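Numbering (the working numbering), first residue to last: 234 to 524.
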């Protein structure tokens with residue numbers, strides 16, 4: 234009994250450590266940010282409504298960096314989520330023998346690739362295009378989003394394949410018993426049942442795409458670029474703003490803005506996580522009501 238109590242106490246302490254670490258991190262950032270939190274942190278001297286609706290330039294705020302970060306996350310999601318889900322379905326339900334082993338190996342290698350390597354890939358791709366097909370090619374938002382999508386693609390593939398593979402055999406028998414084809418059974422039974430695990434891969438992908446700096450440094454992010462005017466334009470992003478501020482700040486107030494931007498990045502990532510969770514709940518309720 235005494236051993237059980239000690240083990241239970243140890244489990245409680247281990248469970249409390251991540252919560253304590255998160256609370257401590259948020260408190261540290263809020264303390265360091267000081268008085269920098271507020272409307273001027275986002276828009277500087279520009280009127281907020283002008284910056285949002287009239288696209289007025291913002292020179293001393295992080296609003297363009299917030300928009301650029303959201304664009305990167307959106308492009309990475311558009312690239313990685315559909316391809317990752319379809320590849321995971323193929324890996325779990327269709328592949329067998331050597332194709333399965335080769336695809337699994339490629340996914341594992343891609344998952345182990347460091348982010349700086351993905352940035353170098355994008356940089357080398359632009360150099361190749363400049364010397365061959367597109368002499369005017371340059372680093373841009375589209376390139377960063379594509380490279381970021383490739384970076385988070387293994388999360389989606391592994392999450393989809395592992396979740397589908399863990400479904401019970403009884404669930405797989407429902408489709409044939411109802412006269413459904415394999416694809417109909419996957420679309421109407423297996424994928425909705427695996428939705429929670431797949432959404433976990435989406436959440437991991439969102440977090441990685443929102444915080445990574447190495448990829449965007451080599452594929453298009455710059456300081457003071459303003460709002461991106463298109464997919465082929467340069468842009469700003471919160472991770473790069475935090476990096477440059479920490480490396481080149483000139484006074485404590487500027488460093489405080491960097492801490493404020495870090496707090497905003499955490500809040501933005503949390504909001505994206507919550508949005509993904511709400512989307513999954515809505516899809517799950519719709520599937521249950523339809524069933």
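No residue lacks a Cβ here, since even glycine has one placed at the ideal position from N, Cα and C.
Just so it is clear, the structure is predicted and the values come from calculations on it, not from any experiment.
Taking the alpha-carbon of residue i as reference, which of the options has the nearest alpha-carbon?
i, options, result
"residue 379", "354, 360 and 473", "354"
"residue 463", "452, 309 and 373", "373"
"residue 500", "443, 337, 407 and 482", "443"
"residue 399", "424, 417 and 441", "424"
"residue 505", "433, 275 and 454", "433"
"residue 377", "274, 451 and 250", "451"
"residue 258", "508, 498 and 515", "498"
"residue 485", "250, 263 and 267", "267"
"residue 390", "345, 314, 279 and 370", "314"
"residue 316", "370, 392 and 488", "392"
"residue 397", "327, 286 and 309", "327"
"residue 349", "375, 254, 384 and 394", "384"
"residue 369", "330, 465 and 305", "465"
"residue 280", "269, 270 and 293", "293"
"residue 275", "515, 509 and 494", "494"
"residue 490", "240, 244 and 273", "273"
"residue 543", "269, 291, 288 and 301", "Any property of residue 543 remains undetermined from this structure, which presents the chain solely from 234 to 524."
"residue 265", "422, 487 and 404", "487"
"residue 303", "253, 263 and 375", "375"
Nearest chain C C-beta to residue i closer than 8 Å, yes or no?
i, result
"residue 385", "This model lacks chain C altogether; it includes just one protein chain."
For residue i, does the three-state DSSP call read helix, strand or coil?
i, result
"residue 455", "coil"
"residue 323", "helix"
"residue 237", "helix"
"residue 388", "helix"
"residue 482", "coil"
Would you report the Cα separation of residue i and residue j, rounded to the nearest angstrom?
i, j, result
"residue 312", "residue 381", "9 Å"
"residue 496", "residue 248", "24 Å"
"residue 428", "residue 478", "40 Å"
"residue 511", "residue 431", "14 Å"
"residue 357", "residue 414", "44 Å"
"residue 321", "residue 410", "24 Å"
"residue 342", "residue 502", "27 Å"
"residue 238", "residue 401", "35 Å"
"residue 242", "residue 261", "27 Å"
"residue 386", "residue 345", "12 Å"
"residue 421", "residue 308", "27 Å"
"residue 514", "residue 360", "44 Å"
"residue 269", "residue 278", "14 Å"
"residue 351", "residue 371", "16 Å"
"residue 244", "residue 290", "52 Å"
"residue 408", "residue 419", "8 Å"
"residue 306", "residue 508", "13 Å"
"residue 518", "residue 364", "52 Å"
With a threshold of 7 Å (Cβ to nearest heavy atom), would residue i be considered close to the ligand NAP?
i, result
"residue 499", "In the structure shown, the ligand NAP is absent, as is every other ligand, since no ligand is present at all."
Less than 8 Å between the CB atoms is what I'm expecting for residue i and residue j, so what's the real figure, rounded?
i, j, result
"residue 454", "residue 468", "6 Å"
"residue 476", "residue 446", "5 Å"
"residue 441", "residue 388", "7 Å"
"residue 310", "residue 438", "7 Å"
"residue 337", "residue 319", "Contact flag wrong, Cβ pair sits at about 16 Å."
"residue 426", "residue 404", "6 Å"
- Task: Assess, as a yes-or-no matter, whether the stretch 288 to 305 is touched by the stretch 449 to 464 under the definition of 3 or more beta carbon pairs within less than 8 Å.
- Result: yes
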